[in-house]
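J.: So for the sequence shown, full-length UniProt numbering puts the first residue at 1; every next one is plus one. Below is one structure. I have some questions about it.
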Amino acid sequence: MKNLESIINIGVTSIFSLATIIITLYNANRQVKQSKEMFKQQAEQYEKEKLYNKEMVRIQKRPYLVFDGEKSSCECHGNGNHYMNLCFKNKGNGSAFNFEPEIEIIATNGNVIRRKEPIQDPIVMVNEVSETKWEFNSSKRNFEFSITVLYEDMSAQLYEQRFNLTLDDGLHMMVKNYAEPELV
Numbered sequence: 001m002k003n004l005e006s007i008i009n010i011g012v013t014s015i016f017s018l019a020t021i022i023i024t025l026y027n028a029n030r031q032v033k034q035s036k037e038m039f040k041q042q043a044e045q046y047e048k049e050k051l052y053n054k055e056m057v058r059i060q061k062r063p064y065l066v067f068d069g070e071k072s073s074c075e076c077h078g079n080g081n082h083y084m085n086l087c088f089k090n091k092g093n094g095s096a097f098n099f100e101p102e103i104e105i106i107a108t109n110g111n112v113i114r115r116k117e118p119i120q121d122p123i124v125m126v127n128e129v130s131e132t133k134w135e136f137n138s139s140k141r142n143f144e145f146s147i148t149v150l151y152e153d154m155s156a157q158l159y160e161q162r163f164n165l166t167l168d169d170g171l172h173m174m175v176k177n178y179a180e181p182e183l184v
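Set out below in structure tokens:
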């Protein structure tokens, strides 16, 4: 009887020990999964913060072009030949490299406006003006057109700015929007 009792005690103790081992293993696996999930969330948060900080530095140092209406002009040389000098000034905190406006633009009235000559100096430093020369062969005036300018900053990030301009009957140019640089 004592043997049977000790066998039952050993069996019950073994069952409780086995149950304890199973519960401990389950809890350990659950804690490992939670730790992995927390590590993954922390890594994602770190990457987000790193990207945010990089973006803030980039925004602080980015070039920012504005249309310089005072230095821009339009002339007519008879027979409908019009020449425009469009000037863009870098008002940002960094230099604009590889400054490249579009080559050809179609205005709202159908005028085709072409860039007359290549950009002589593709680097626009802060507070420097870049002049672009354009021409169109039409007597039509009082129209709107858009110019897209592509350029890089010092970290080789490519930006795009789209300027909407109006040429009135008196050959005066006005900007219709204040274009923000956008990453391409």
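Glycine included, every Cβ here is placed at the ideal spot set by N, Cα and C.
With L171 as the anchor, note down where its beta strand (DSSP E) starts and where it stops.
T.: For the purposes of this step, residue 171 is taken as the residue at position 171 of the sequence shown. Where L171 is concerned, there is no enclosing beta strand (DSSP E), given that its DSSP letter is neither H nor E.
J.: Give the DSSP-derived three-state secondary structure of Y26 in the structure shown.
T.: Here residue 26 refers to the residue found at position 26 when the sequence shown is read from its first residue. If DSSP states are grouped into helix, strand and coil, Y26 belongs with the helices.
J.: Among all the DSSP beta bridges, which residues are the ones paired with A96?
T.: Position 96 of the sequence shown, counted from the first residue, corresponds to residue 96. The bridge partners DSSP lists for A96 are V124.
J.: Measure the C-alpha to C-alpha separation of P181 and L65 and round it to an integer number of angstroms.
T.: Looking up residue 181 in the sequence shown gives position 181. Looking up residue 65 in the sequence shown gives position 65. So the alpha carbons of these two residues sit roughly 8 angstroms apart.
J.: Taking the CB atoms as reference points, tell me whether I123 and P101 lie closer together than 9 angstroms.
T.: Along the sequence shown, read from residue 1 onward, the residue named residue 123 stands at position 123. Along the sequence shown, read from residue 1 onward, the residue named residue 101 stands at position 101. Not in contact: I123 and P101 (Cβ atoms no closer than 9 angstroms).
J.: Cβ of V129 within 9 angstroms of Cβ of N93?
T.: Taking the first residue of the sequence shown as 1, we reach residue 129 at position 129. Taking the first residue of the sequence shown as 1, we reach residue 93 at position 93. Not a contact, by the Cβ cut-off of 9 angstroms.
J.: Given this structure, state the Cα-to-Cα distance separating R114 from D121, to the nearest angstrom.
T.: Residue mapping note: residue 114 aligns to position 114 of the sequence shown, counting from 1. Residue mapping note: residue 121 aligns to position 121 of the sequence shown, counting from 1. C-alpha separation (whole angstroms): 19 angstroms.
J.: Tell me the rounded alpha-carbon separation between K116 and C76.
T.: For the purposes of this step, residue 116 is taken as residue 116 along the sequence shown, with counting starting at 1. For the purposes of this step, residue 76 is taken as residue 76 along the sequence shown, with counting starting at 1. Their backbone Cα atoms lie some 15 angstroms apart in a straight line.
J.: If you follow the beta strand (DSSP E) that N85 is part of, which residue opens it and which one closes it?
T.: Taking the first residue of the sequence shown as 1, we reach residue 85 at position 85. Element bounds for N85: N81 to N90.
J.: Have a look at M174, A28, N81 and V149 and flag the residue whose alpha-carbon is nearest the alpha-carbon of N98.
T.: Here the question's residue 98 lines up with position 98 in the sequence shown. Nearest C-alpha to N98: V149.
J.: Spatial neighbours of K33 within its chain, please: CB distance less than 7 angstroms, with the 5 preceding and 5 following residues excluded, ordered by chain position.
T.: Your numbering for residue 33 matches position 33 in the sequence shown. Nothing meets the Cβ criterion.
J.: I need the boundaries of the beta strand (DSSP E) containing S146, first residue and last residue.
T.: Here residue 146 is taken as the residue at index 146 of the sequence shown, counted from 1. Counting along the chain, the beta strand (DSSP E) containing S146 begins and ends at F143 to E152.
J.: Mind checking who L158 pairs with in its DSSP beta bridge?
T.: Within the sequence shown, the letter at position 158 stands for residue 158. In DSSP, L158 forms a bridge with E152.
J.: Since F145 and A107 should fall inside the 8 angstroms C-beta cutoff, what is the C-beta to C-beta distance between them, to a whole number of angstroms?
T.: The residue you call residue 145 lines up with position 145 of the sequence shown. The residue you call residue 107 lines up with position 107 of the sequence shown. Contact holds; Cβ gap of about 4 angstroms.
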